[in-house]
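One structure below.
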Amino acid sequence: MQIGFHLSVAKGFDWTLAEARRLGCEVVQIFVKNPRGWQERAYTDAQRESFARLRAAVPVYAHLSYLPNPARIDENSRNLEGMLHEASLCAELGIEWLIIHCGSREDTKRGMATVARAVNEVLERHDLTIVLENAAGQGNALGRTIDELGRIYEGIERQDRVLVCIDTAHIFEAGYDVRKRATWRRIVREVDRHLGPGKIGFFHFNDSKTDLGSAVDRHWHIGQGKIGLDTFRYLMNEERFAHLRGVMETPKMGGMDDKNMEVMRSLSSLVPRPPS
Ligand SMILES: [Zn+2]
């Protein structure tokens, strides 16, 4: 398992690279634009060059910003425009993977079909892989179960360019007791059945501040939440996930990235790689 963090790009990609190196990240996840606003962004040549240095050093995954709702692209054109803008920024920077949350809609059936349409629109225009992230199930969030992710997946044309990201906090909050090994066997079985073998493509390693089945999305530090260390120890050492990558999206809270990385490393029974 290659692990890293969601890192800020607010101070520029050179800072992000230095931070990734400092923390020993083998993978990073970023936002390609301000995640809290609709305004589009344009990169300068210098920023593109700086990004190229980051990408040469470590695999980079992008996470869709908070505002576009893929489940409502038929109601507000900004949703699809926002997604396409971010996909085009990924293409411009050479980012291969865009992780998206599936958005929310009261009419879940309509919502799931609309998410599939949104993914189809993006993949028709841009050569990247969309990674669908599971949700805690807050509000009318879609993708709370593997079955729901599978129903979204059914409507996608270019399935060869779609993977799933399992967020450990979300899936626990959605009611899957991931503290049990049997639950992981069930998750793998469900992904195999509803999407296909090998479709788990990424992890978000977060402990949960809220209880099993709370449907309340609160990421917490590794081993200090309701999931606990054992689950992360299992994931770090499980053969079938060994080829995968994942990032922590734990609260930054000054210095906690160092601590969370140290904890994750300590769980791995494999000999750590020498620093590059
Ligand atoms: Zn996540």
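In terms of this note's numbering, the sequence shown opens at residue 112 and continues consecutively.
Where is the CB? At the ideal position from N, CA and C, for every residue including glycine.
Check your understanding: Does any heavy atom of ligand 1 sit closer than 8 Å to the C-beta of A326?
Key -> Along the sequence shown, read from residue 1 onward, the residue named residue 326 stands at position 215. No, ligand 1 has no heavy atom inside 8 Å of this Cβ.
Quiz item: How would you call M364, buried or exposed, if buried means at least 16 neighbouring beta carbons within 10 angstroms?
Solution: The residue labelled residue 364 in the question sits at position 253 within the sequence shown. Result: exposed.
Less than 9 Å between the beta carbons of M347 and L378, yes or no?
One-based indexing of the sequence shown puts residue 347 at position 236. One-based indexing of the sequence shown puts residue 378 at position 267. The Cβ atoms of M347 and L378 sit closer than 9 Å to each other.
Check: To which residues of the same chain is R164 closer than 8 Å at the C-beta, ignoring the five residues directly before and after it?
Finding: Position 53 of the sequence shown, counted from the first residue, corresponds to residue 164. Once the five neighbours on either side are set aside, the close Cβ partners of R164 are F124, D125 and L128.
Can you check which of these residues, L204, A168, V226 and S161, is closest to N190 by C-alpha distance?
Counted from its first residue, the sequence shown places residue 190 at position 79. Of the candidates L204, A168, V226 and S161, the one whose C-alpha sits nearest the C-alpha of N190 is V226.
Check your understanding: Going straight from the alpha carbon of C201 to that of H174, what length do you get?
Key -> Position 90 of the sequence shown, counted from the start, is the residue given in the question as residue 201. Position 63 of the sequence shown, counted from the start, is the residue given in the question as residue 174. The alpha-carbon separation between C201 and H174 amounts to approximately 10 Å.
Between D278 and ligand 2, is the CB less than 8 Å from at least one heavy atom?
For ligand 2, the structure offers nothing, since it holds only ligand 1.
Looking at ligand 1, does it come within less than 8 Å of H315, judged from the CB to the closest heavy atom? As a first step, residue 315 must be located in the sequence shown, where it is residue number 204. Flag set: Cβ of H315 near ligand 1.
Open item on the list: Taking 7 Å as the limit between beta carbons, can you name the residues of its chain near R183, skipping five residues before and five after?
Closed with: By one-based count along the sequence shown, residue 183 stands at place 72. Cβ within range, chain order: N190, G214, R216 and T225.
Quick one: measure Cβ to Cβ for E151 and I114, integer angstroms, because I've assumed they're closer than 8 Å. Residue 151 sits at position 40 when you count from the first residue of the sequence shown. Residue 114 sits at position 3 when you count from the first residue of the sequence shown. Not quite, the Cβ-Cβ distance comes to about 32 Å (not below 8 Å), so this is no contact.
Report the three-state DSSP secondary structure of S319 (helix, strand or coil). One-based indexing of the sequence shown puts residue 319 at position 208. S319: strand per DSSP, three-state reduction.
query = For V242, which of helix, strand or coil comes out of DSSP?
reply = Along the sequence shown, read from residue 1 onward, the residue named residue 242 stands at position 131. Under the three-state reduction of DSSP, V242 is assigned to strand.
Quiz prompt | Within 9 Å, strictly: CB atoms of I338 and S319 | solution = Position 227 of the sequence shown, counted from the first residue, corresponds to residue 338. Position 208 of the sequence shown, counted from the first residue, corresponds to residue 319. Less than 9 Å separates the beta-carbon of I338 from that of S319.
Distance cut-off 8 Å: H332 Cβ against heavy atoms of ligand 1: Residue 332 sits at position 221 when you count from the first residue of the sequence shown. Not one heavy atom of ligand 1 sits closer than 8 Å to the Cβ of H332.
Q: Evaluate contact between the region 261-270 and the region 289-300, counting only Cβ atoms and requiring at least three cross-stretch pairs below 8 Å.
A: No, the region 261-270 is not in contact with the region 289-300.
Worksheet entry | Proximity winner among W149, L243 and L118, relative to E197 (alpha-carbon distances) | On the sequence shown, position 86 is the one that residue 197 refers to. The candidate whose alpha carbon is nearest that of E197 is W149.
### Message
Which residue marks the beginning of the beta strand (DSSP E) containing V302, and which one marks its end?
### Response
Walking along the sequence shown from the start, residue 302 turns up at place 191. Per DSSP, V302 belongs to no beta strand (DSSP E); it is in the alpha helix (DSSP H), R292 to H305.
| task | Alpha carbon to alpha carbon, how far is G334 from M372? Give it in angstroms, no decimals. | result | As a working mapping, residue 372 is identified with position 261 in the sequence shown. As a working mapping, residue 334 is identified with position 223 in the sequence shown. Taking the straight line from one Cα to the other gives about 11 Å.
Take E207 and list the residues in its own chain whose beta-carbon comes closer than 7 Å to its own, dropping the five residues that flank it on each side.
-> On the sequence shown, position 96 is the one that residue 207 refers to. Only L239 and T240 meet the Cβ criterion.
- Query: Relative to the C-alpha of R147, which residue among F162, A121 and C276 is closest?
  - Reply: Position 36 of the sequence shown, counting from 1, holds the residue named residue 147. Selection F162, A121 and C276 evaluated against R147 yields A121 as nearest (Cα-Cα).
(message) Does the distance between the C-beta of H281 and the nearest non-hydrogen atom of ligand 1 fall short of 8 Å?
(response) Counting from 1 along the sequence shown, the entry for residue 281 is found at position 170. Taking the Cβ of H281 as the reference point, at least one heavy atom of ligand 1 falls within a distance shorter than 8 Å.
Query - CB contact flag (Q140, Y177, <9 Å) - result: Stepping through the sequence shown from its first residue, residue 140 is reached at position 29. Stepping through the sequence shown from its first residue, residue 177 is reached at position 66. One thing to note: Q140 has its Cβ no nearer than 9 Å to the Cβ of Y177.
Every unbroken beta strand (DSSP E) within the region 156-225, with a cutoff of 3 residues, ordered by chain: Those beta strand (DSSP E) runs which fall completely within the region 156-225 and span 3+ residues are 171-174 and 208-212.
- Task: May I ask you to report which of helix, strand or coil DSSP gives F142?
- Result: What you label residue 142 is simply residue 31 of the sequence shown in a count that begins at 1. Three-state result, F142: coil.
If you draw a straight line from the alpha carbon of A167 to that of T279, how long is it in whole angstroms? Taking the sequence shown and counting its residues from 1, the one referred to as residue 167 is at position 56. Taking the sequence shown and counting its residues from 1, the one referred to as residue 279 is at position 168. CA-to-CA, the gap between A167 and T279 works out to about 28 Å.
- Message: For N187 and I277, what's the separation of their Cα atoms in angstroms?
- Response: As a first step, residue 187 must be located in the sequence shown, where it is residue number 76. As a first step, residue 277 must be located in the sequence shown, where it is residue number 166. Rounded to the nearest angstrom, the two C-alpha atoms are 28 Å apart.
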